[in-house]
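Notes follow once the structure below has been shown.
Protein chains: 2
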Amino acid sequence: MATTTNIKEVARLAGVSLGTVSNVLNQPERVSEATRKRVLDAIAELGYVRNDSARQLRAGRSRQIAIVVLDVTNPFFTDVVRGAENAAEEQGVMVVVCNSGEDADRERRHLDLLEEQRVRGVLITPVDDAPDSRLEKLINRGTPVVLVDRGSGWRDRCSVAVNDVLGGRLAGEHLIAGGHRRIAFVGGPMSIQQVTDRHQGVKLALEGAGDLEGAELTTVTTPTLTVASGRAAAAQMADMPDAGRPTAVFCANDLIALGVLQELTRRGVRVPADMAIVGYDDIEFAAAATVPLSSVRQPREQLGRTATQLLLEEIESGGRHEHRHVVFQPDLVIRASSHIET
Amino acid sequence: MATTTNIKEVARLAGVSLGTVSNVLNQPERVSEATRKRVLDAIAELGYVRNDSARQLRAGRSRQIAIVVLDVTNPFFTDVVRGAENAAEEQGVMVVVCNSGEDADRERRHLDLLEEQRVRGVLITPVDDAPDSRLEKLINRGTPVVLVDRGSGWRDRCSVAVNDVLGGRLAGEHLIAGGHRRIAFVGGPMSIQQVTDRHQGVKLALEGAGDLEGAELTTVTTPTLTVASGRAAAAQMADMPDAGRPTAVFCANDLIALGVLQELTRRGVRVPADMAIVGYDDIEFAAAATVPLSSVRQPREQLGRTATQLLLEEIESGGRHEHRHVVFQPDLVIRASSHIET
DNA sequence: AGAGGTATATGAAACGTTTCATTGAATCGT
DNA sequence: ACGATTCAATGAAACGTTTCATATACCTCT
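Keeping their order, the protein sequence lines are chains A and B. The numbering used here numbers the first residue of the first sequence as 356 and each following residue consecutively. The numbering used here numbers the first residue of the second sequence as 356 and each following residue consecutively.
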């Protein structure tokens with residue numbers, strides 16, 4: 356183990372006082388050029404590395420923020436993380452990424468540790484909305500927190516989210532405009548706010564087209580938002596009698612949509628001729644599917660970026676801070692999977 | 356800002372000495388049950404949270420390890436991260452995830468910060484092999500480091516990697532066994548060791564089939580390992596004259612393979628009938644492609660898990676440690692994209 | 001030449017823990 | 001009953017910074 360060279364040794368080698376070395380590190384302009392050089396040389400020679408623990412201890416707080424995501428293997432969240440990192444980097448703040456894996460207990464342990472580390476703030480998509488949660492304690496003790504994509508019900512926090520009802524409506528209206536009257540919604544579980552919002556949106560679209568008497572919405576609930584669930588749902592739909600079978604399907608996310616696409620193609624159902632598909636999230640693999648997937652695009656990176664800005668704002672404000680709720684509007688990206696060539 | 360309640364206040368409220376509180380926290384068995392309860396009550400009442408900076412300062416080191424990945428949005432690396440997290444969790448160690456984004460400068464900044472934080476060890480897939488690198492300094496100062504998937508040329512470190520030459524050979528032999536004689540390799544840049552190894556592997560497979568005189572390998576070099584590069588490469592191949600055009604393609608990773616698949620399908624080239632495809636990595640989206648992709652599977656999670664175990668081992672050993680190089684053998688997963696039904 | 005400034009450099013205090021040598025009290029064995 | 005042993009609790013020292021009030025030297029102006 357490299358015996359830690361400390362500021363004192365540097366001072367001795369450079370022939371200056373301990374405080375001067377600190378000044379070179381933190382306020383170089385206060386030190387004469389000659390001594391500054393001497394100190395920097397000593398630092399280089401000894402390979403001195405600042406001890407952040409001592410620094411933080413003295414300062415009373417760290418220089419890091421944390422982002423706690425539900426699933427680090429989900430492309431949606433990795434993009435959010437990238438946005439947060441970029442925004443933080445511009446301010447010279449480091450981001451620590453924590454993965455709760457949708458496990459409340461693991462989330463709790465992460466928050467324990469983060470609080471012990473006195474992080475300056477936390478971006479989080481919480482696992483649940485338990486009112487008496489670990490998260491609430493963190494907030495009450497004074498750590499700034501911004502909610503990412505799970506804003507509902509937290510009036511007293513900053514949050515960023517996407518208007519999922521609108522996203523659902525865009526998808527629905529697009530399919531109706533394409534001539535579809537029997538539409539299916541595939542997604543779940545319904546305990547997830549985003550899923551019900553998207554469902555609600557497509558429902559509104561169908562109701563809005565009131566003059567079209569025949570319009571009808573089938574809902575296929577899935578246990579998870581995964582490719583496998585999509586495949587199962589597609590199998591279920593393909594087995595329906597031809598008469599009532601939907602001609603279009605709107606999926607709660609792209610993983611499901613990819614599963615649906617895969618299973619339909621396997622069964623010889625042509626997409627979009629026999630069945631159109633619209634997904635949600637517009638992850639990179641949506642465009643890369645063999646039948647490129649239409650999808651409702653969320654500004655994922657922007658989500659992370661804005662959340663970080665709100666957090667840094669709250670941190671800077673030191674108490675005087677008005678919480679804000681930023682809601683983004685999604686876009687519909689039309690690709691081959693729902694584009695009927697005429 | 357929550358005025359930090361410290362151990363001293365807890366001691367006062369509980370009517371014990373400062374050292375006793377510390378003992379309750381760290382060696383509860385040394386404290387009588389009565390006082391322990393009194394202290395714990397005081398902690399709960401005050402909402403006391405340990406200050407990790409002070410703890411670390413005293414201890415001289417942290418309780419965290421870090422993993423620095425090339426690209427946090429690449430499914431390959433997120434799986435490696437998950438493996439590392441799981442292994443670390445079992446030992447009560449936290450993992451900090453850092454993303455270099457293939458940017459050497461960003462990698463350097465991360466390492467600076469990690470060293471200041473006195474992390475106990477680092478798992479890293481370095482951006483480059485620069486001999487006089489920041490990484491080497493870190494190592495020389497005594498921080499244990501394990502190289503992930505970039506083992507070559509670092510004899511004096513632990514490393515984990517996958518036998519990419521074998522992976523390439525498996526893919527090549529599979530295609531030859533399927534009757535293919537004109538095979539293309541798509542991938543790049545060749546400066547990446549993994550790419551040249553995989554290329555080398557498929558070349559060996561063709562040479563091994565020496566009796567097959569007609570066997571021939573075309574190499575299409577791409578600038579990146581992305582879906583877009585795959586599409587471009589496929590376009591290039593499709594434009595070749597029918598006579599010399601390959602009947603099978605082996606891609607350096609799955610993203611490229613998905614791009615190739617997409618472009619070929621768009622052009623009406625049937626997969627696998629007209630052209631077979633084998634990818635590399637077996638990411639989740641490989642199986643979910645409309646023509647499920649054959650792929651060389653790497654034990655991604657295992658890679659992260661083993662790397663973490665090696666790192667923890669080195670940390671524990673305190674100097675007396677024999678560096679080890681663990682090389683995994685890849686598997687070929689055969690799916691529809693290379694399976695010619697007869 | 002002396003008063004008032006302005007740069008620089010200094011050294012001690014403080015941040016909140018953990019550790020460890022001591023002390024004090026209680027229990028044990030003979 | 002008394003020394004020996006065990007068990008609990010104590011309090012001061014140390015970890016490596018940053019900060020801040022103070023000291024020193026050097027100018028500048030009248």
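Note that CB positions come from ideal geometry on N, CA and C, so glycine has one too. The structure displayed is predicted, hence computed values, not measured ones.
- Item | Residue closest to L530 of chain A, alpha-carbon to alpha-carbon, out of A:L610, A:L667, A:Q684 and A:V651 | Here the question's residue 530 of chain A lines up with position 175 in the first sequence. For L530 of chain A, the nearest C-alpha among the options comes from A:V651.
- Do the CB positions of G543 of chain B and P578 of chain B come within less than 8 Å of each other? Your numbering for residue 543 of chain B matches position 188 in the second sequence. Your numbering for residue 578 of chain B matches position 223 in the second sequence. Result yes, Cβ atoms of G543 of chain B and P578 of chain B sit closer than 8 Å.
- Task: Counting only the same chain and skipping the five closest in sequence on each side, list residues whose C-beta sits under 6 Å from that of N378 of chain B.
- Result: The sequence position of residue 378 of chain B within the second sequence is 23, counting from 1. The answer, listed in chain order, is R385 and V386.
- Query: Just the Cα atoms here: how many angstroms apart are V376 of chain B and R393 of chain B?
  - Reply: In the second sequence, the residue the question calls residue 376 of chain B occupies position 21. In the second sequence, the residue the question calls residue 393 of chain B occupies position 38. If I take the Cα positions, the gap works out to 10 Å.
- Item | Counted within 10 angstroms of its Cβ, other Cβ atoms place H678 of chain A as buried (16 or more) or exposed | Indexing the first sequence from 1 puts residue 678 of chain A at position 323. It counts as exposed.
- Query: Would DSSP call S584 of chain A helix, strand or coil?
  - Reply: Within the first sequence, the letter at position 229 stands for residue 584 of chain A. Reduced to three states, the DSSP call for S584 of chain A is helix.
- Report yes or no: do the stretch 572–590 of chain A and the stretch 518–525 of chain A share at least 3 C-beta pairs separated by less than 8 Å? Not touching, per the Cβ criterion.
- Residues of chain A with a CB under 8 Å from the CB of P430 of chain B: which are they? Stepping through the second sequence from its first residue, residue 430 of chain B is reached at position 75. Result: T428 and P430.
- Item | S514 of chain B classed as buried or exposed, judged by whether at least 16 other C-beta atoms fall within 10 angstroms | Taking the first residue of the second sequence as 1, we reach residue 514 of chain B at position 159. The residue in question, S514 of chain B, is buried, as its Cβ has 16 or more Cβ neighbours within 10 Å.
- Query: How about V500 of chain B and V477 of chain B: are their beta carbons less than 8 Å apart?
  - Reply: Taking the first residue of the second sequence as 1, we reach residue 500 of chain B at position 145. Taking the first residue of the second sequence as 1, we reach residue 477 of chain B at position 122. Result yes, Cβ atoms of V500 of chain B and V477 of chain B sit closer than 8 Å.
- Message: Let me check understanding here. Comparing Cα to Cα, which of A:R410, A:V503, A:L468 and A:R496 lies closest to V435 of chain A?
- Response: Here residue 435 of chain A corresponds to residue number 80 of the first sequence, with the count starting at 1. The alpha carbon of V435 of chain A has as its nearest neighbour, out of A:R410, A:V503, A:L468 and A:R496, the alpha carbon of A:V503.
- Assigned exposure category for S693 of chain A - 16 Cβ within 10 Å defines buried: Taking the first residue of the first sequence as 1, we reach residue 693 of chain A at position 338. With 16 or more neighbouring CB atoms inside 10 Å of its own CB, S693 of chain A falls in the buried class.
- Query: Got a sec: is the Cβ-Cβ distance from R655 of chain B to anything in chain A below 8 Å?
  - Reply: Translated into the one-based positions of the second sequence, residue 655 of chain B becomes position 300. False, the Cβ-Cβ gap to chain A never drops below 8 Å.
- Message: So, with DSSP's three-state summary, where would you put T375 of chain A?
- Response: As a working note, residue 375 of chain A is residue 20 in the first sequence. Looking at T375 of chain A - three-state DSSP - the assignment turns out to be helix.
- Taking A409 of chain A as the query, report the chain B residues whose CB atoms sit under 7 Å from its CB, ordered along the chain. Residue numbering aside, residue 409 of chain A sits at position 54 when the first sequence is read from its first letter. Contact of A409 of chain A with chain B by beta-carbon distance below 7 Å involves L412.
- Query: Mind pulling the beta strand (DSSP E) runs of 3 or more residues that sit fully within the stretch 608–682 of chain B?
  - Reply: Every beta strand (DSSP E) stretch that sits fully inside the stretch 608–682 of chain B and reaches 3 residues is listed by chain position as 631–636 and 649–652.
- For L425 of chain A, name the three-state secondary structure that DSSP assigns. Taking the first sequence and counting its residues from 1, one reaches residue 425 of chain A at position 70. In the three-state DSSP reduction, L425 of chain A falls in the coil class, being neither helix nor strand.
- Query: Can you tell me whether S649 of chain B is buried or exposed, with buried defined as 16 or more other CB within 10 angstroms of its CB?
  - Reply: The residue labelled residue 649 of chain B in the question sits at position 294 within the second sequence. That one is buried.
- For the alpha helix (DSSP H) holding G438 of chain B, just list the boundary residues, first then last. If you number the second sequence from 1, residue 438 of chain B lands on position 83. That run of the alpha helix (DSSP H) goes P430 to E445.
- List the residues of chain A that V582 of chain B touches, going by C-beta distances under 9 Å, in chain order. Within the second sequence, numbered from 1, the residue matching residue 582 of chain B stands at position 227. Near V582 of chain B (Cβ distances below 9 Å), the residues of chain A are E639, F640, A642 and A643.
- Query: Quick one: any contact between the stretch 480–496 of chain B and the stretch 666–674 of chain B, if contact means 3 or more CB pairs under 8 Å?
  - Reply: Taking one beta carbon from each stretch, the stretch 480–496 of chain B and the stretch 666–674 of chain B have fewer than 3 pairs nearer than 8 Å; the two do not touch.
- Item | Among A:D396, A:Q419 and A:I398, the one whose alpha carbon lies nearest that of D407 of chain A | Along the first sequence, one-based indexing puts residue 407 of chain A at 52. Nearest neighbour of D407 of chain A by Cα position, chosen from A:D396, A:Q419 and A:I398, turns out to be A:Q419.
- Task: Taking the CB atoms as reference points, tell me whether L687 of chain B and L525 of chain B lie closer together than 8 Å.
- Result: On the second sequence, position 332 is the one that residue 687 of chain B refers to. On the second sequence, position 170 is the one that residue 525 of chain B refers to. Going by C-beta atoms, L687 of chain B is nearer than 8 Å to L525 of chain B.
- Rounded distance between the beta-carbons of F431 of chain A and R622 of chain A, thought under 8 Å: Residue numbering aside, residue 622 of chain A sits at position 267 when the first sequence is read from its first letter. Residue numbering aside, residue 431 of chain A sits at position 76 when the first sequence is read from its first letter. Incorrect: roughly 28 Å between the Cβ atoms, too far for contact.
- Task: Locate the beta strand (DSSP E) running through T574 of chain B, then write down its first and last residues.
- Result: Along the second sequence, one-based indexing puts residue 574 of chain B at 219. Judged by DSSP secondary structure, T574 of chain B falls within the beta strand (DSSP E) whose first and last residues are E571 to T576.
- Going by DSSP, which residues form a beta bridge with D686 of chain B? Against the second sequence, residue 686 of chain B aligns to sequence position 331. For D686 of chain B, which the question treats as bridged, DSSP gives the partners B:R652.
- Sort out for me which residues DSSP pairs N454 of chain A with in a bridge. Here residue 454 of chain A is taken as the residue at index 99 of the first sequence, counted from 1. As a beta-bridge residue in DSSP terms, N454 of chain A pairs with A:V424.
- Query: Are the CB atoms of G556 of chain A and I538 of chain A nearer to each other than 8 Å?
  - Reply: The residue given as residue 556 of chain A occupies position 201 in the first sequence. The residue given as residue 538 of chain A occupies position 183 in the first sequence. No. Outside cutoff.
- Query: If you follow the alpha helix (DSSP H) that V500 of chain A is part of, which residue opens it and which one closes it?
  - Reply: Residue mapping note: residue 500 of chain A aligns to position 145 of the first sequence, counting from 1. Careful: V500 of chain A lies outside any alpha helix (DSSP H), inside the beta strand (DSSP E) at V500 to V503.
- Task: Note down, in chain order, every chain B residue with its Cβ under 8 Å from the Cβ of R489 of chain A.
- Result: The residue labelled residue 489 of chain A in the question sits at position 134 within the first sequence. Simply none; closest approach about 12 Å.
- Give a yes or no on whether the C-beta atoms belonging to H554 of chain B and T574 of chain B are separated by under 8 Å. By 1-based counting over the second sequence, the position of residue 554 of chain B is 199. By 1-based counting over the second sequence, the position of residue 574 of chain B is 219. Their beta carbons are under 8 Å apart, which means H554 of chain B touches T574 of chain B by this criterion.
- Can you tell me whether DSSP reads S693 of chain A as helix, strand or coil? Translated into the one-based positions of the first sequence, residue 693 of chain A becomes position 338. The answer is helix: DSSP assigns S693 of chain A an H, G or I state.
- From which residue to which residue does the beta strand (DSSP E) around I479 of chain B run? By one-based count along the second sequence, residue 479 of chain B stands at place 124. Taken as a continuous stretch (DSSP letters only), the beta strand (DSSP E) holding I479 of chain B covers G476 to I479.
- Taking V515 of chain B as part of the beta strand (DSSP E), name the residues at either end of that continuous run. By one-based count along the second sequence, residue 515 of chain B stands at place 160. Under the DSSP assignment, V515 of chain B falls in the beta strand (DSSP E) whose first and last residues are C513 to V517.
- With DSSP collapsed to three states, give me the class of I547 of chain A. In the first sequence, counting from the first residue as 1, residue 547 of chain A sits at position 192. Reduced to three states, the DSSP call for I547 of chain A is coil.
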